[in-house]
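K.L.:
Numbering-wise (my numbering), the sequence shown opens with residue 3 and increments by one.
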Amino acid sequence: MTKLSFSKTDSDGVVSTGRLIIGDIVIETPAVFPAVRTTQAPNELELLINEKGKYMLEHVNGAVLRLYHVPTLIEPNTARLAAEERQRQGQKTIDGAPIPRSPYGTFYNDSLPICDPCLEYTKILNSEMDKRMARVEAVPVLHTYFAQFERNKNLLENPDDKAIRTLR
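Here's what the structure looks like:
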């Protein structure tokens, strides 16, 4: 189980700062988690990772991703990261230093990608999202939830006494 802890680091009257530790990731408040919305050019996650690698963005501690973008944004990078870590094991540069991580490897180890828990843009309101949600195989409980939601929605749209009693 991942260790989670929070400690207050400073207080100035009403305003306080703190340190949130989730596993090996340390998040200092105030923290910013930009929403990543596009997967095609420009890929906002890659842009964020590259900018975080170039500049000291100390308060940018992760990103918020839409749930159906996880298969296209995170999974391919994570597969490459696993291959990179296997390759890095025991290898060193010519001067004996460890091989540097890729920009995604650095982001993965220092930042926290968060899946957006709001589903207002998915199958519940927009049937165009069905095919996108079908790619999210890592969350099978959502498919069960959406199927039950559709059944309940159909019962409510066709109000007869039997349907209403079924929902109660």
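Note that beta-carbon positions come from the ideal geometry of N, C-alpha and C, so glycine has one too.
(1) How should ARG88 be labelled, buried or exposed, when 16 other C-beta atoms within 10 angstroms of its C-beta is the threshold for buried?
(2) Here's the rule: buried if 16 or more other CB atoms are within 10 angstroms of the residue's CB, otherwise exposed. What is LYS54?
(3) Is it true that the segment 71-79 meets the segment 3-21, where meeting means three or more beta-carbon pairs spaced less than 8 Å apart?
(4) Do ASN63 and LEU114 have their beta-carbon atoms positioned less than 8 Å apart in this structure?
(5) Hey, how far is the Cα of THR95 from the Cα of ASN111?
(6) Around the C-beta of ILE101, are 16 or more other C-beta atoms found within 10 angstroms, so that it is buried, or is it exposed?
(7) Of all the CB atoms in chain C, is at least one closer than 8 Å to the CB of ARG21?
(8) Is LYS10 helix, strand or coil by DSSP?
(9) What's the C-alpha gap between ASP118 and ALA37?
(10) With respect to the beta strand (DSSP E) encompassing GLU30, which residues constitute its N-terminal and C-terminal limits?
(11) Could you tell me which of GLY20, SER7, LYS5, VAL28 sits nearest to HIS109, measuring between CA atoms?
(12) Please confirm whether SER9 and GLY20 have their CB atoms less than 8 Å apart.
(13) How should LYS125 be labelled, buried or exposed, when 16 other C-beta atoms within 10 angstroms of its C-beta is the threshold for buried?
P.N.:
This is what the structure holds:
(1) Flag for ARG88 reads exposed.
(2) buried
(3) no
(4) yes
(5) 21 Å
(6) exposed
(7) No chain C is present in this structure, which holds just one protein chain.
(8) strand
(9) 9 Å
(10) 27-30
(11) The sequence shown places Phe at residue 109, rather than the His named in the question. Comparing Cα-Cα distances from PHE109 to each of GLY20, SER7, LYS5, VAL28, the minimum goes to VAL28.
(12) yes
(13) Summary for LYS125: the model assigns pLDDT 47, below 50, so the residue's position carries little reliability; its value from the coordinates is reported in the next sentence. Counting Cβ neighbours within 10 Å, LYS125 comes out buried, since at least 16 surround it.
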